[in-house]
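*Asks:* Quick one: the structure is below, and I'll ask about it shortly.
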Amino acid sequence: MNPLVEQFKKYGYLNEAIEKAVENRTRYFFKKKGEHFLREGQHLSSYFVLSTGLLRAYFFKNGREMNSWFGEENQIFGSILPVYTEKPSFENIQLLED
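Okay, so the sequence shown: first residue is 2 according to the working numbering, each after it adds one.
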């Protein structure tokens, strides 16, 4: 089953048409440890599910790297600001595991 559908079903019922719509819009990405999913200044218009591994979001403040959150397997993630405001991200999202 689609990992995004599985996550949505934790919060309520999805009919078959909705499941199919989500499946049709799902894309799979494969990233390695140390690679970035998102970098500061980039735009992001979707949310994602991390199927395996661990990731972190971080930003820079006064020249220091500050972690803002961590994500683990089967969590929905993304950067809120670019999704809702269509502004560039101030965060970086980096994979910590393969």
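C-beta atoms are modelled at their ideal positions from N, C-alpha and C, and glycine is treated no differently.
#1: Tell me the DSSP bridge mates of Phe49?
#2: Using a threshold of 7 Å, state whether the C-beta atoms of Leu55 and Glu36 are closer than that.
#3: Between Thr27, Arg57, Asn16 and Tyr29, which lies nearest to Arg40 when the distance is taken from Cα to Cα?
#4: For Tyr59, which three-state DSSP category applies?
#5: Apart from the five residues just before and just after Leu15, which ones in its own chain have a Cβ nearer than 6 Å to its Cβ?
#6: Taking Pro4 as the reference, which of Ser80, Phe49, Tyr85 and Leu45 has the closest Cα?
#7: To which residues of the same chain is Trp70 closer than 6 Å at the C-beta, ignoring the five residues directly before and after it?
#8: What is the DSSP secondary structure of Asn25, reduced to helix, strand or coil?
*Replies:* Well, looking at it:
#1: Phe78
#2: no
#3: Arg57
#4: strand
#5: Phe9
#6: Phe49
#7: Ala58
#8: helix
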